[in-house]
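Residue numbers (the working numbering), protein chains in the order written: chain A, 32 to 142; chain B, 146 to 259. First the structure, in the form of structure tokens, and then the observations on it.
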Amino acid sequence: QKEVEQNSGPLSVPEGAIASLNCTYSDRGSQSFFWYRQYSGKSPELIMSIYSNGDKEDGRFTAQLNKASQYVSLLIRDSQPSDSATYLCAVGGGGSYIPTFGRGTSLIVHP
Amino acid sequence: EAGVAQSPRYKIIEKRQSVAFWCNPISGHATLYWYQQILGQGPKLLIQFQNNGVVDDSQLPKDRFSAERLKGVDSTLKIQPAKLEDSAVYLCASSFPGTSSEQFFGPGTRLTVL
Numbered sequence: 032q033k034e035v036e037q038n039s040g041p042l043s044v045p046e047g048a049i050a051s052l053n054c055t056y057s058d059r060g061s062q063s064f065f066w067y068r069q070y071s072g073k074s075p076e077l078i079m080s081i082y083s084n085g086d087k088e089d090g091r092f093t094a095q096l097n098k099a100s101q102y103v104s105l106l107i108r109d110s111q112p113s114d115s116a117t118y119l120c121a122v123g124g125g126g127s128y129i130p131t132f133g134r135g136t137s138l139i140v141h142p
Numbered sequence: 146e147a148g149v150a151q152s153p154r155y156k157i158i159e160k161r162q163s164v165a166f167w168c169n170p171i172s173g174h175a176t177l178y179w180y181q182q183i184l185g186q187g188p189k190l191l192i193q194f195q196n197n198g199v200v201d202d203s204q205l206p207k208d209r210f211s212a213e214r215l216k217g218v219d220s221t222l223k224i225q226p227a228k229l230e231d232s233a234v235y236l237c238a239s240s241f242p243g244t245s246s247e248q249f250f251g252p253g254t255r256l257t258v259l
């Protein structure tokens, strides 16, 4: 069974710092990787997708993928209090057709 | 562009009662997903449709849960009879075909079973 592991946190960082969120996955054949942000009481919102090894940057967000280590991370630069949310890692494709989510990491950005 | 629509937004029922949730995906999205999200956990896939066919329902508790997507657009998820442990948010998402595609979520239905 495909597994996606995340530290549940909470991860607490001061405003303006870099927040680093990590995710590992078990299915070596996985092909697509996503980061979703979920505010309390709201539905997940896609913020980044990455499909090949290396870094992908979008504004203050950078996703990093290392398929050899089965590891994907999300960096948030210049963290703002509005970034406080749960960040879900999701993995798709590969041998198992079921898209799988991690349990999420709670991020708290304090002023 | 309209997003994924779901109704109702909230539902409170007693155990052993039945409940149904409705989802209308983004226009043109052939793939539709139903997820169950229990408080403090990530979304768990219940069933995935491609047009009106089931791609995967291996994690759907078929003794009490059922889902259909008769015309390849709207979908309904039903629970009959409900148990206390079914209390969760039920999320519908849609995407272009394939699990490599980005999914877009509806607002969810929060179900409380008393």
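Note that the Cβ used here is the ideal one computed from N, Cα and C, for glycine as well.
>> Less than 9 Å between the C-beta atoms of Trp66 (chain A) and Ile78 (chain A), yes or no?
In response: yes
> Among all the DSSP beta bridges, which residues are the ones paired with Asn169 (chain B)?
Replying inline: B:Ala150
>> Please classify Gly123 (chain A) as buried or exposed, where buried requires at least 16 neighbouring CB atoms within 10 angstroms.
In response: buried
>> Can you tell me where the beta strand (DSSP E) holding Ser100 (chain A) begins and where it ends?
In response: That residue, Ser100 (chain A), is in no beta strand (DSSP E); it is neither H nor E in DSSP.
> Cβ of Tyr155 (chain B) less than 9 Å from any chain A Cβ?
Replying inline: no
>> By DSSP's criteria, Ala116 (chain A) is part of a beta bridge. Which residues make up the other side?
In response: A:Leu138
> Is the stretch 215–231 of chain B touching the stretch 158–169 of chain B, taking contact as three or more C-beta pairs under 8 Å?
Replying inline: yes
> Does DSSP put Leu259 (chain B) in a helix, in a strand, or in coil?
Replying inline: coil
> DSSP puts Asp89 (chain A) in a beta bridge; with which residues?
Replying inline: A:Phe92
>> Measuring only the C-alpha atoms, how far is Ile107 (chain A) from Phe64 (chain A)?
In response: 17 Å
>> I'd like to know if Ala121 (chain A) contacts chain B, where contact means its C-beta is closer than 9 Å to some C-beta of that chain.
In response: yes
> How many angstroms separate the CA atom of Gly40 (chain A) from the CA atom of Lys216 (chain B)?
Replying inline: 42 Å
>> Checking 9 Å against the spacing of the C-beta atoms, do Pro252 (chain B) and Gln182 (chain B) come in under that value?
In response: no
> Which bits of chain B does Ser80 (chain A) rub up against, with CB to CB less than 7 Å?
Replying inline: Glu247
>> Please return the same chain residues whose Cβ sits closer than 8 Å to the Cβ of Ser115 (chain A), not counting the five positions on each side in sequence.
In response: Leu138, Ile139, Val140
> Are the C-beta of Gly251 (chain B) and some C-beta of chain A separated by less than 9 Å?
Replying inline: yes
>> Please list, in chain order, the chain A residues whose beta carbon lies closer than 7 Å to that of Gln186 (chain B).
In response: Arg134
>> Quick check on this structure: which residue in B:Phe250, B:Ser203, B:Ile224 has the alpha carbon closest to the alpha carbon of Val258 (chain B)?
In response: B:Ile224
>> Here's the rule: buried if 16 or more other CB atoms are within 10 angstroms of the residue's CB, otherwise exposed. What is Val35 (chain A)?
In response: buried
>> Using only the alpha-carbon positions, how far apart do Thr254 (chain B) and Tyr235 (chain B) sit?
In response: 5 Å
> For Asp201 (chain B), which three-state DSSP category applies?
Replying inline: strand
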